[in-house]
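Here's the structure we're looking at; comments come further down.
Protein chains: 2
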Amino acid sequence: MEEQKKKILLVEDDPNFGTVLKDYLMMNDYDVVHAKNGMEGFEKFKKGDFDLCILDVMMPYKDGFTLAKEIREKNTDIPIVFLTAKAMKEDVLKGYKVGADDYLNKPFDSEVLLMKIKAIIQRKATETISDSKQFEFKIGGFDLNSKLRFLRYNGGDPIKLSPKENELLRLLALHENDLMPRELALTKIWRDDNYFTSRSMDVYIAKLRKYLKLDDKVEILNIHGEGFRLVVN
Amino acid sequence: MEEQKKKILLVEDDPNFGTVLKDYLMMNDYDVVHAKNGMEGFEKFKKGDFDLCILDVMMPYKDGFTLAKEIREKNTDIPIVFLTAKAMKEDVLKGYKVGADDYLNKPFDSEVLLMKIKAIIQRKATETISDSKQFEFKIGGFDLNSKLRFLRYNGGDPIKLSPKENELLRLLALHENDLMPRELALTKIWRDDNYFTSRSMDVYIAKLRKYLKLDDKVEILNIHGEGFRLVVN
DNA sequence: ATATTTGTTAATGTAAGGTTAAAAGTAGGA
DNA sequence: TCCTACTTTTAACCTTACATTAACAAATAT
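First to last, the protein sequences are chains A and B.
1 is the number of the first residue of the first sequence in the UniProt record's numbering; add one for each residue after it.
1 is the number of the first residue of the second sequence in the UniProt record's numbering; add one for each residue after it.
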C-alpha cells in the first residue's frame, strides 16, 4: 500500500533542540519542515499542506501564540500543539484559547510526543469525509470517476483503472483538447523525470488508448517532443 | 436556541476529590454524573448519553483503562480524559492506546481542566456531522443494527456480529457505494495502522463477505491500495 | 541517413489482497 | 480457580494487481 507520509510543520528557534526533534520525527516516518522562527514558520505554512503544526511558544520576532492565531485565520481545522519550557498556567490557558490541540512541557518524553501526534492526527482523519465533485469527468461518451478509479462507457460495465492509469487519464482530462506536457505528468505522477519513467509513461498511454478505443470520437494524440493531447471530436 | 448543558460522566473513587470536582464542574455549567468506581461508572455510562468521560486511572474493582476499553466498545467516538496521580510514562502510553483524548496529572489546575474540557467538547462538536445517531442501516436486503450488533436478511434470523465485524460493516455502510479508505478503518477501529492490523482487517472483510453472500446484490469491492467499497446493485 | 522519440506487447518482480486455519487473548460461567 | 465459548491476531499459502523494464517496430526530426 502506498502510504502517504504525514506532514508536520515544526517551528522551533533553538537549533539544537529543533534539529534533534526534527530528526526524531523523520525517523518515525513523518515528513517534517523545520522553521527557525515565527515569520519563517508562517511563510512555510502558507506554502505547504500540513497535517499538524508543532509550535514553540517562546520565539524571537513572533511568538507561538501569535503564529497560531495567524495560522488559525488561514485554516480553522489544522491541529496545533505547543511546546514550552515553563509550565506557566497563563501560557497554558492562552494556548487553549488560541485553539491548541495539545500542550507539551519541555523536556518531554519523546515516546509520549509520538503517541500524542498519532492520536491527534487520527482524530482529524476521522473528520475528513471528503468532497467528491472534483474527481468526476466526462470524456466524450466516457465517465471517469477518479476517486473510485473507474472508467465507464455509455453506462456500461465500469473498467477498473490502476492508480497510474487513473492519474494519467485525469491529468489528460484536466487539459482536454489542450497540451498535457510530458514533463508535467512525469513530475506530478512519477515524481521523477528520466528515461525509464518516460518509457513507463508511454506504456500507460498505450493502455489508455486501448480503453478509449470504445469511443472513436476520443483519442490521445502525441505532440512530438512536447507531450500528449486528449481530444474529443 | 436554548443551549443544552453538556453531560459529563465523572468516575472517581476518592470521595472528597470526586465531590469537589463534581461541584466545580457543575458550578461551571456542566451536567455531571458521578460514579464511585469502574463498575458503577460503566452502568451509568450505559444509561446516560454523555458528551465526555473523565476517568480516574487508579480505582478499586475496575481501573480506568479497563473501563475505557468497555466504553470504547459501546461508543468509538466519545472523548475520554484520564486523571492520574502519578505521571508514569507507561500509563500515559497505555492511555493513548485505549483512545484517550487527554491526560491530566493530579493535582492539576482546575482552570486548566475547564479549558481542556471546553476544547475537547468543541472539537467533537465540529466533527459531528450528525452521523452520531446512525446506528441502523439498510444494505440491500439486509438490516444492520449497529447498536445491538446484529445483521438480518429479509426479516430472517439475526446474525450476531462481533464488535470488530460490526464496526467495520458500519463504517462501510456509512460510505455506501463510496470509498471507505483503509486508513480510516484502521485508525478508527484498530487505532493503529501497521502491517498486522491491516491483515487483520482483511480477515474481517472476508468474514463480512461471507455474511453478505446471502444477497447477491450486495458486495464489498476492493480498490487496490486505497480501501473498500460496499456496493448495492 | 541516422539519432531520437514514440507505439506496442510481453516478461518480470514485488506488493496488496483473499482465504483458511491455528494460536493467542478475553469474558463469563460452573 | 479452571473451563468453555468467543473474539481477535498471526501465520501460511495462494491469487491478483501493478509498475517497471526489455525488446522491437514505427514515426519523426535534423
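Each residue gets a CB set at the ideal place from its N, CA and C atoms; glycine is no exception.
What you are looking at is a predicted structure, and each value in this text was computed from that prediction instead of being measured.
Where residue i sits in the DSSP three-state scheme
{"i": "lysine 5 of chain B", "result": "coil"}
{"i": "tyrosine 24 of chain B", "result": "helix"}
{"i": "serine 132 of chain B", "result": "For serine 132 of chain B, the predicted model reports a pLDDT of 48, less than 50, meaning its position is unreliable; a value from the coordinates is still stated below. Three-state result, serine 132 of chain B: helix."}
{"i": "phenylalanine 50 of chain B", "result": "coil"}
{"i": "valine 112 of chain B", "result": "helix"}
{"i": "glutamate 12 of chain A", "result": "coil"}
{"i": "glycine 18 of chain A", "result": "helix"}
Nearest-angstrom Cβ-Cβ length linking residue i and residue j, presumed shorter than 8 angstroms
{"i": "isoleucine 80 of chain B", "j": "lysine 6 of chain B", "result": "Rounded, the Cβ-Cβ distance is 15 angstroms, inconsistent with contact."}
{"i": "glycine 140 of chain A", "j": "aspartate 51 of chain A", "result": "So it is not a contact: roughly 38 angstroms between Cβ atoms."}
{"i": "tyrosine 204 of chain A", "j": "lysine 164 of chain A", "result": "6 angstroms"}
{"i": "methionine 180 of chain B", "j": "tryptophan 190 of chain B", "result": "Rounded, the Cβ-Cβ distance is 14 angstroms, inconsistent with contact."}
{"i": "residue 277 of chain B", "j": "tyrosine 195 of chain B", "result": "Any question about residue 277 of chain B goes unanswered here, given that chain B covers just 1 to 233."}
Backbone CA spacing between residue i and residue j [nearest angstrom]
{"i": "glycine 48 of chain B", "j": "aspartate 77 of chain A", "result": "30 angstroms"}
{"i": "asparagine 222 of chain A", "j": "asparagine 154 of chain A", "result": "26 angstroms"}
{"i": "phenylalanine 42 of chain A", "j": "valine 11 of chain A", "result": "9 angstroms"}
{"i": "leucine 172 of chain A", "j": "phenylalanine 82 of chain B", "result": "52 angstroms"}
{"i": "histidine 34 of chain A", "j": "lysine 22 of chain A", "result": "7 angstroms"}
{"i": "leucine 161 of chain B", "j": "glutamate 176 of chain B", "result": "19 angstroms"}
{"i": "threonine 19 of chain A", "j": "phenylalanine 228 of chain B", "result": "39 angstroms"}
{"i": "aspartate 157 of chain A", "j": "valine 231 of chain B", "result": "14 angstroms"}
{"i": "glutamate 167 of chain A", "j": "phenylalanine 135 of chain A", "result": "10 angstroms"}
{"i": "isoleucine 118 of chain B", "j": "valine 218 of chain A", "result": "Per the sequence presented here, residue 118 of chain B reads as lysine, with isoleucine not at that position. If I take the Cα positions, the gap works out to 56 angstroms."}
{"i": "glutamine 4 of chain B", "j": "tyrosine 30 of chain B", "result": "10 angstroms"}
{"i": "proline 60 of chain B", "j": "aspartate 13 of chain B", "result": "8 angstroms"}
{"i": "threonine 66 of chain B", "j": "arginine 149 of chain B", "result": "21 angstroms"}
{"i": "glutamate 226 of chain A", "j": "leucine 184 of chain A", "result": "10 angstroms"}
{"i": "aspartate 56 of chain B", "j": "lysine 116 of chain A", "result": "19 angstroms"}
{"i": "residue 254 of chain B", "j": "phenylalanine 142 of chain B", "result": "No statement about residue 254 of chain B is possible, as the shown extent of chain B runs from 1 to 233 and does not include it."}
{"i": "proline 15 of chain B", "j": "phenylalanine 45 of chain A", "result": "48 angstroms"}
{"i": "asparagine 75 of chain A", "j": "isoleucine 54 of chain A", "result": "15 angstroms"}
{"i": "asparagine 28 of chain A", "j": "threonine 187 of chain A", "result": "26 angstroms"}
{"i": "leucine 114 of chain B", "j": "alanine 68 of chain A", "result": "21 angstroms"}
{"i": "isoleucine 159 of chain A", "j": "threonine 84 of chain A", "result": "54 angstroms"}
{"i": "glutamate 40 of chain A", "j": "aspartate 192 of chain A", "result": "28 angstroms"}
{"i": "residue 236 of chain A", "j": "asparagine 233 of chain B", "result": "A question about residue 236 of chain A goes unanswered here, because the residues of chain A that appear run from 1 up to 233."}
Endpoints, the beta strand (DSSP E) within which residue i is located
{"i": "threonine 76 of chain B", "result": "Looking at the DSSP string, threonine 76 of chain B is not in any beta strand (DSSP E), and its letter there is neither H nor E."}
{"i": "valine 32 of chain A", "result": "30-35"}
{"i": "valine 81 of chain A", "result": "80-84"}
Practice item. Go through the UniProt domain "OmpR/PhoB-type" (134-232) of chain B residue by residue and report every complete run of the alpha helix (DSSP H) that reaches 4 residues or more, in order. Key: 163-174, 182-185, 195-212
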